[in-house]
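J.: For what it's worth, the working numbering labels the leading residue of the sequence shown as 27, then goes sequentially.
In this text, a Cβ means the ideal position worked out from N, Cα and C, and glycines have one as well.
Right, I'll just put the structure down here and ask away after.
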Amino acid sequence: MTMREALRGLTTRGRSFLAAAIAAGISALILGERDLLRVAVLLAALPLLAAVYVGRSRYKLACTRSLEPGRAPVGSSARVILRLQNLSRLPTGTMLLEDRLPYALGSRPRVVLERLGAHQASSVAYTVRADVRGRYPIGPLVIRLTDPFGLCELTRSFPSVDQLTVIPQVVPLPRVRLAGEYAGAGDSRARSVAVHGEDDAATREYRRGDDLRRVHWRSTARTGELMVRREEQPWESRATVVLDTRAQAHRGEGPTASFEWAVSAAASVAVHLREAGYKVRLVTGTGVDIDGSESGGEGLILDALADVKTASTADVSLLVENVRRRSDGGLVIGLFGSLTTAEAHLLSQLRGNGATCVGFAIDSTTWVSMTAGDRQESDREHAAASLALVRSGWRSVRVSHGETLPALWPTVGRGSQGFAYRAAMAETVSGVHR
């Protein structure tokens, strides 16, 4: 720290001491009073020593910050703990701590910390709350250091910045038996026998190193290639959660928008299926493709959903393409905004590989006010799109403003009858409004 920087940190009291020292010094020289000169030297030394004293603390303080938790749901609070340690042999003066925060987390907290003794540490804490998803930087920490006499005040900043991730709200879902529970890399003898019969159970091409006792001769004779049984491998439950990110498909603004409902639903479904033993994959129309089957996969999915946004360039064809890059089969859960009949037909391409597809068709127009005529037209278009989705092989669940995912979730496991009834109702409504 240069002397110029130290002088900039002088408070009004410190500057007054310097002014008094200059006045006393000039008076001492004019009057020839050596005692008055000593007073002038003392008055000048005090603020200068205070500046040096405060400046030394810049290099003798250590600060750490911790977040509890580091990943917080929308609408919840997180605790920020600051631990400050004095590494020098001299005590510090009173310190004013100010952590820099984004506007979404509220105003900057200011905490007064009394003097720290030599090698002493102290902790202070404050809480933040965010109502909007995202990643928020916390820091750097700014400290205002003062000497015991209040003659000098310097501002110092610790460069470390931590990140608070605000994830979508995850709601618990009731347990229901879902179709398409077994799919993926393994095999199930019971499933194979039920579909193909005993003689066609779960075979694949022979690979070098396979046990010859597992050769399935009937399949070998039929295909002309050496085939082996693989019913000893367990089936894996796989699920793909598909999130529609088209900006034009969603309505509303802020935390109450239809897109936020879809993001929260995607997070809730992914967490629920992982807890049920599924290997979960998350795909969005903006290119996000997360494999949540490994350790820590739930955190990866929630972090991705914390950042996801709508895009005007996203469309259903791109969404379908992203999903089909790696066809896992099993269960496909789609969270869709408003669809046209043509877009609903495009989604039929996801029915391959024996996948069971369930789509939550969000009627985003219910998130905004409309005239009676516009509402009638909107209902007709939504019913036609829902019917097209069902005819494309999907099971369709209508979502209107005010409905909750836990209330709708049991319809996913009701089987074909419930969905056939929905399809018939959608066709009826479509016919009435034609």
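At what residues does the alpha helix (DSSP H) containing Leu-308 begin and finish?
T.: According to the DSSP assignment, Leu-308 belongs to no alpha helix (DSSP H) but to the beta strand (DSSP E) extending over 305–310.
J.: What does the Cβ neighbour count give for Tyr-162, buried or exposed, with the cut at 16 atoms within 10 Å?
T.: Buried, since its Cβ has 16 or more Cβ neighbours within 10 Å.
J.: Measure the alpha-carbon distance for Glu-140 versus Arg-115 and round it to whole angstroms.
T.: So the two alpha carbons sit approximately 16 Å from each other.
J.: Smallest Cα separation from Gly-165: which of Gln-274, Arg-417, Gly-322, Leu-93?
T.: Leu-93
J.: Using only the alpha-carbon positions, how far apart do Ala-433 and Arg-406 sit?
T.: 24 Å
J.: Hey, out of Leu-326, Tyr-79, Ala-292, Thr-38, whose CA is closest to Pro-174's CA?
T.: Tyr-79
J.: Measuring CB to CB, does Ala-332 end up less than 8 Å from Pro-436?
T.: no
J.: Closest by CA to Cys-383, which one among Ser-404, Phe-184, Val-268?
T.: Val-268
J.: Given this structure, state the Cα-to-Cα distance separating Gly-143 from Met-121, to the nearest angstrom.
T.: 13 Å
J.: Write down every uninterrupted run of the beta strand (DSSP E) in the stretch 139–208 whose length is 3 residues or greater and which is fully enclosed by it, in chain order.
T.: 147–155, 160–164, 167–172, 179–184, 188–193
J.: Which parts of the stretch 28–73 are runs of the alpha helix (DSSP H), unbroken and 4 residues or longer, counting only runs that do not cross its ends?
T.: Fully enclosed alpha helix (DSSP H) runs of 4 or longer: 29–34, 38–57.
J.: Where DSSP assigns a beta bridge to Val-78, which residues make up the other side?
T.: Bridge partners of Val-78: none, in fact.
J.: So which of Glu-179, Gly-160, Ala-151 has the shortest CA-CA distance to Val-192?
T.: Gly-160
J.: Quick check on the DSSP output: the beta strand (DSSP E) that includes Gly-325 runs from which residue to which?
T.: In this chain, Gly-325 is not harboured by any beta strand (DSSP E); it is covered by the alpha helix (DSSP H) spanning 323–333.
J.: Are Leu-87 and Leu-72 closer than 8 Å when you measure CB to CB?
T.: no
J.: Measure the alpha-carbon distance for Phe-43 versus Pro-99 and round it to whole angstroms.
T.: 53 Å
J.: Does the stretch 415–430 come within contact of the stretch 306–317, defined as at least 3 CB pairs closer than 8 Å?
T.: They do not touch, by the three-pair rule.
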